[in-house]
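Student: Have a look at this one.
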Amino acid sequence: MVKKLLTMLSLAVIFLFFQTDAFASEENSTPNLQIPVISDVHINMNIQQRQTRFINALEEFKQLAPNYQAIAVVGDMTDQGLEVQYNKFNSLLAQYGNTEAEKVLVMGNHEFFEGVYWPDPRFTDQMFIDRFILNTGMPSLYYDKWIEGANSSSYHFIVLGSEESKVTNPKNIDYAVLSDEQYQWLEDTLSMDADPNKPIFVFLHQPIDDTIYGSEEWGGNLRDGRLKGILKKYPQVMLFSGHLHYLLQHPRSVYQDGFTMVNTGATAYMLYENGNAPAEFSQGLLVNVYDDKVEIKAREFSNHTWVNQYTVKLPFEKTIDDTEPPVFKANAAASLDTVTETTAAISWPSASDNTQVDKYLIKQDGKVIQTIYPKFWEVATPERYATAITKLKANTNYAIEISAIDAWNNVSERPLKLSLTTAKFKGWVAEGEIWYYYDNTTGEKVTGWYKVQEKWYYFTSNGIMQTGWVMDKGKKYFLDNTGAMATGWVIDKEKKYFLDNTGAMTTGWLKDGGVWYYLDQTGMMKVGWVLDKGKWYFLNNTGAMATGWLKDGGTWYYLDQNGMMKVGWVLDKKVWYYLKSSGAMQTGWLLYNNSWYFIEGSGAMKTGWVLSANKWYYLYSDGRMAANTKIGSYKLDKNGAWIQ
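Per mature numbering (1 follows the signal peptide of the UniProt record, and there is no 0): the sequence shown = residues -24 to -1, 1 to 620.
In structure tokens:
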């Protein structure tokens, strides 16, 4: 049992040794110079993981290269360029790094970010540049150093930095802006003791666009060729850039175009073209310099393994490149797995490449509609890939084309092709909040009036189901919130309307259930007074036409059996009433046809004796006031008052 355990432990040690040294140099000679190169540490006091990962990287380098002569951090040492973040960065570097090594520190865009996150008119780019110089001990924003290697040979280190940020130019999307003075200084500095057999190490946080992996999207806007043109004069230059956070497993982490450009990864977190890489990933470089070459080894700190390695020859010779496109097998074919009215599920076999298949482009009728990104850091490559194509039109033919793109943007010469026809829609179909109805036989959208399960619906010329009011051939119809045509009474925006049995809106007088209603020219049921053909009518709060006596606003009115407001004399239940020209019921004295009448407070016409204003008057049986006469023994004056 003990022997078996020892054997297992030995195998484990061998496995760990293989993992650690999988990319070890082919020769056993000691490098002239060793340089850990990292970037994008993003020290933030509220995110402890950032500090932990920085510590892990520093400790790993001390184990891998205990006597490294220099360490470079290529920008974004801090998350916002705060003093407290610089202090933490410096303390961790001093505690866990090689204190004997030269420091090569570069200013990144995040070193300006206090001015971006918390704007203040007092903030300037120069203020943050000065803070960087003060807190790192570097001689300037851009500077150079000669660092001695193990063989007493010195190597030239040149640091560049952006002189402008979002603080002073909101249009600067974290770009690198170098002044004419800095460019001139670079040209002058590169020429100092330049030896084609010795590398010149140049550092700038942002990469030159369209070079290393990720620079297509996140480059430093260095597209004018000025920086590249200067550096090309010295093929031995090696330009190290951070900023991208893109995975170092990618073959194009090193790019050569007259000189060498290198992605330095990130210790804080990693990305790839399709978003976030695995959360545990934290990466950096160990650069080993020999007499005839520079060896660049990419390290994954989370599992202590080498994930990539490059060799740059001295003097410079372009060896890192690829023009060979990926290929599909001769019998490879894409498959249509399922298809509906609007979607299609397709799959295809993986392509092969001499470096790495980076992505698959899906074209629909010649237009790119999707990009599928393999997880290239995973050891196993899937035999097949699959995706769903959406937003298709029903009953439509489509031509699908799948191309493979490798790490160097070479496109497969023979794409996989696939033709498909989507299914026909039948019945109700929703597109977002819009409803359509498709004929069950033809699969075409219906338009105009269409009957579904004994209910009528209305569809525009584009097939869109309507709700609310619709005008068709001079008539208005109302469709409820399900689209069904309404009949009878409907309420819309707290107003009542009536639709006949054809669904058409009614106007004018309507008799429903033995009750009369009035609907105005807009179809709205009226309440209150309505004038129709010179006659007044009153509709109560239910819209029903009133008849008989009506009190409105404290005034009494009388409406006959047809609902028409009466004026003049009205006999109701053997009692006479008088209604003014406004329809209001009369009370008190009334002069009518040269005769006086007296109307009680109830509106009833008075007969017989009546006391008014402390005087007695007599009214005949027809209501007329007697005057200048005698009633029995009572004498009435010319005004009708009893003379006492």
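Glycine residues also receive a C-beta, built at the ideal position from the N, C-alpha and C atoms.
On a predicted model such as this, the values are computed, not experimentally measured, just so you know.
1) Within its chain, find whatever has a CB closer than 6 Å to the CB of Val178; leave out the 5 residues flanking it on each side and keep chain order.
2) Please tell me whether residue 626 and Pro325 are closer than 8 Å, where the distance is taken between their beta carbons.
3) Could you give the distance in angstroms between the alpha-carbon of Asp101 and the alpha-carbon of Thr187?
4) Under 8 Å between the Cβ atoms of Tyr93 and Gln56?
5) Could you give the distance in angstroms between the alpha-carbon of Thr483 and the alpha-carbon of Ala406?
6) Where Leu555 and Tyr533 are concerned, what is the direct C-alpha to C-alpha distance, given to the nearest angstrom?
7) I need the straight-line Cα distance from Gly408 to Lys431, nearest angstrom please.
8) Between the Cα of Trp411 and those of Gln429, Thr436, Val387, spot the shortest distance and give me the residue it belongs to.
9) Only counting the same chain, and skipping five residues up and downstream in sequence, which positions put a Cβ closer than 6 Å to that of Gly190?
10) Roughly how many angstroms lie between the CA atoms of Trp585 and Asn517, to the nearest whole one?
11) Drop a sphere of 10 angstroms on the beta-carbon of Trp384, count the other beta-carbons inside from all chains shown, and report buried for 16 or more, exposed for fewer.
12) Since Ile272 and Ile322 are thought to touch, with beta carbons under 8 Å apart, how far apart are those beta carbons, to the nearest angstrom?
13) Could you tell me whether any Cβ in chain B is nearer than 8 Å to the Cβ of Asp96?
14) In terms of DSSP beta bridges, what is Glu35 paired with?
15) For the beta strand (DSSP E) holding Leu261, just list the boundary residues, first then last.
16) Using 8 Å as the threshold, is the C-beta distance between Leu396 and Thr318 below it?
17) Among the candidates Gly564, Arg199, Leu224, Leu290, whose CA atom is the shortest distance from the CA of Pro171?
18) Relative to the C-alpha of Asp230, which residue among Pro391, Ala255, Lys79, Asn284 is closest?
19) Could you tell me which residues DSSP puts in a beta bridge with Met521?
20) Output the distance between the C-alpha atoms of Leu589 and Tyr596, rounded to the nearest integer angstrom.
21) Can you round the beta-carbon distance between Gln346 and Asp382 to whole angstroms, since I take them to be within the 8 Å contact cut?
22) Can you give me the C-alpha to C-alpha distance between Thr165 and Leu136, rounded to a whole angstrom?
23) Starting from Lys431, trace the beta strand (DSSP E) in both directions and tell me its first and last residue.
24) Quick one: what's got a C-beta closer than 6 Å to Thr605's C-beta in the same chain, skipping five residues either side?
25) Please say whether His132 and Ile176 have beta carbons closer to each other than 8 Å?
26) Under DSSP, the alpha helix (DSSP H) around Ala70 begins and ends at which residues?
27) Where do the N-terminal and C-terminal ends of the beta strand (DSSP E) with Gln497 fall, by residue?
28) Locate the alpha helix (DSSP H) running through Gly205, then write down its first and last residues.
29) With a cut-off of 8 Å on the beta carbons, I'd call Asp476 and Tyr494 a contact; round off their distance for me.
30) Quick one: is Thr458 buried, meaning 16 or more other Cβ sit within 10 Å of its Cβ, or exposed?
31) Can you check which of these residues, Thr54, Gly73, Lys343, Val50, is closest to Ala41 by C-alpha distance?
32) Secondary structure at Arg228, three-state DSSP: helix, strand or coil?
33) What does the alpha-carbon distance come out to for the pair Leu455 and Val422?
34) For the alpha helix (DSSP H) holding Trp194, just list the boundary residues, first then last.
35) Going by other Cβ atoms of all chains shown within 10 Å of its Cβ, with 16 needed for buried, is Lys449 buried or exposed?
36) Return yes when the Cβ of Ile376 is within less than 8 Å of the Cβ of Tyr361, no when it is not.
Tutor: In this structure, then:
1) Here the question's residue 178 lines up with position 202 in the sequence shown. Counting only Cβ-Cβ distances below 6 Å, and skipping sequence neighbours, we find Ile134, Val213, Leu215.
2) There is no way to answer for residue 626, as the model of the chain reaches only from -24 to 620.
3) What you label residue 101 is simply residue 125 of the sequence shown in a count that begins at 1. What you label residue 187 is simply residue 211 of the sequence shown in a count that begins at 1. Cα-Cα distance, rounded: 28 Å.
4) The count along the sequence shown starts at 1 and reaches residue 93 at position 117. The count along the sequence shown starts at 1 and reaches residue 56 at position 80. Their beta carbons are under 8 Å apart, which means Tyr93 touches Gln56 by this criterion.
5) In the sequence shown, residue 483 corresponds to position 507, counting from 1. In the sequence shown, residue 406 corresponds to position 430, counting from 1. The C-alpha of Ala406 is placed about 35 Å away from the C-alpha of Thr483.
6) In the sequence shown, residue 555 corresponds to position 579, counting from 1. In the sequence shown, residue 533 corresponds to position 557, counting from 1. Rounded to the nearest angstrom, the two C-alpha atoms are 7 Å apart.
7) For the purposes of this step, residue 408 is taken as residue 432 along the sequence shown, with counting starting at 1. For the purposes of this step, residue 431 is taken as residue 455 along the sequence shown, with counting starting at 1. One Cα belongs to Gly408, the other to Lys431, and the distance between them is close to 23 Å.
8) Along the sequence shown, read from residue 1 onward, the residue named residue 411 stands at position 435. Per the Cα distances, Thr436.
9) Within the sequence shown, residue 190 is the residue found at index 214, counting from 1. These residues qualify, in order along the chain: Leu220, Tyr222.
10) Indexing the sequence shown from 1 puts residue 585 at position 609. Indexing the sequence shown from 1 puts residue 517 at position 541. In a straight line, the C-alpha of Trp585 is about 42 Å away from that of Asn517.
11) If you number the sequence shown from 1, residue 384 lands on position 408. Buried is the call here.
12) As a working note, residue 272 is residue 296 in the sequence shown. As a working note, residue 322 is residue 346 in the sequence shown. In this structure Ile272 is not in contact with Ile322, their Cβ atoms being roughly 39 Å apart against a cut-off of 8 Å.
13) Chain labels in this structure do not include chain B; a single protein chain is all it has.
14) Within the sequence shown, the letter at position 59 stands for residue 35. Per DSSP, none; premise fails for Glu35.
15) Here residue 261 refers to the residue found at position 285 when the sequence shown is read from its first residue. Per DSSP, Leu261 belongs to the beta strand (DSSP E) from 259 to 265.
16) Here residue 396 refers to the residue found at position 420 of the sequence shown. Here residue 318 refers to the residue found at position 342 of the sequence shown. Judged by their CB atoms, Leu396 and Thr318 are not nearer to each other than the 8 Å cut-off.
17) Taking the first residue of the sequence shown as position 1, residue 171 is located at position 195. The sequence shown places Asp at residue 171, rather than the Pro named in the question. Nearest C-alpha to Asp171: Leu290.
18) To locate residue 230, count along the sequence shown from 1; it is residue 254. Rather than Asp, the amino acid found at residue 230 in this sequence is Val. When each option's Cα is compared against that of Val230, the closest is Asn284.
19) The residue given as residue 521 occupies position 545 in the sequence shown. Its beta-bridge partners are Leu515.
20) Taking the sequence shown and counting its residues from 1, one reaches residue 589 at position 613. Taking the sequence shown and counting its residues from 1, one reaches residue 596 at position 620. The question names Leu, yet the displayed sequence has Ala at residue 589. CA-to-CA, the gap between Ala589 and Tyr596 works out to about 19 Å.
21) Looking up residue 346 in the sequence shown gives position 370. Looking up residue 382 in the sequence shown gives position 406. That pair is no contact at about 18 Å.
22) By 1-based counting over the sequence shown, the position of residue 165 is 189. By 1-based counting over the sequence shown, the position of residue 136 is 160. One C-alpha to the other measures close to 11 Å.
23) Here residue 431 refers to the residue found at position 455 when the sequence shown is read from its first residue. Segment 431 to 435, the beta strand (DSSP E) holding Lys431.
24) For the purposes of this step, residue 605 is taken as the residue at position 629 of the sequence shown. Once the five neighbours on either side are set aside, the close Cβ partners of Thr605 are Leu612.
25) The residue labelled residue 176 in the question sits at position 200 within the sequence shown. The residue labelled residue 132 in the question sits at position 156 within the sequence shown. Cβ distance < 8 Å, so Ile176 and His132 count as in contact.
26) Here residue 70 corresponds to residue number 94 of the sequence shown, with the count starting at 1. The continuous alpha helix (DSSP H) containing Ala70 extends over residues 59 to 72.
27) Looking up residue 497 in the sequence shown gives position 521. Element bounds for Gln497: n/a, residue is neither H nor E.
28) Residue mapping note: residue 205 aligns to position 229 of the sequence shown, counting from 1. In the DSSP assignment, Gly205 falls within the unbroken alpha helix (DSSP H) covering 202 to 208.
29) As a position in the sequence shown, residue 476 is number 500, starting the count at 1. As a position in the sequence shown, residue 494 is number 518, starting the count at 1. Between Tyr494 and Asp476 the Cβ distance is about 16 Å, and since that is not below 8 Å, they are no contact.
30) Position 482 of the sequence shown, counted from the first residue, corresponds to residue 458. So Thr458 ends up on the exposed side.
31) Stepping through the sequence shown from its first residue, residue 41 is reached at position 65. Taking only the C-alpha atoms, the option nearest Ala41 is Gly73.
32) Working through the sequence shown from its first residue, we reach residue 228 at position 252. In the three-state DSSP reduction, Arg228 falls in the helix class (H, G or I).
33) For this step, residue 455 is matched to residue 479 along the sequence shown. For this step, residue 422 is matched to residue 446 along the sequence shown. Here the C-alpha atom of Leu455 lies approximately 17 Å from the C-alpha atom of Val422.
34) Residue 194 sits at position 218 when you count from the first residue of the sequence shown. Unbroken alpha helix (DSSP H) run through Trp194: 191 to 194.
35) Numbered from 1 along the sequence shown, position 473 holds the residue referred to as residue 449. It counts as exposed.
36) The count along the sequence shown starts at 1 and reaches residue 361 at position 385. The count along the sequence shown starts at 1 and reaches residue 376 at position 400. No, the Cβ-Cβ distance between Tyr361 and Ile376 is not below 8 Å.
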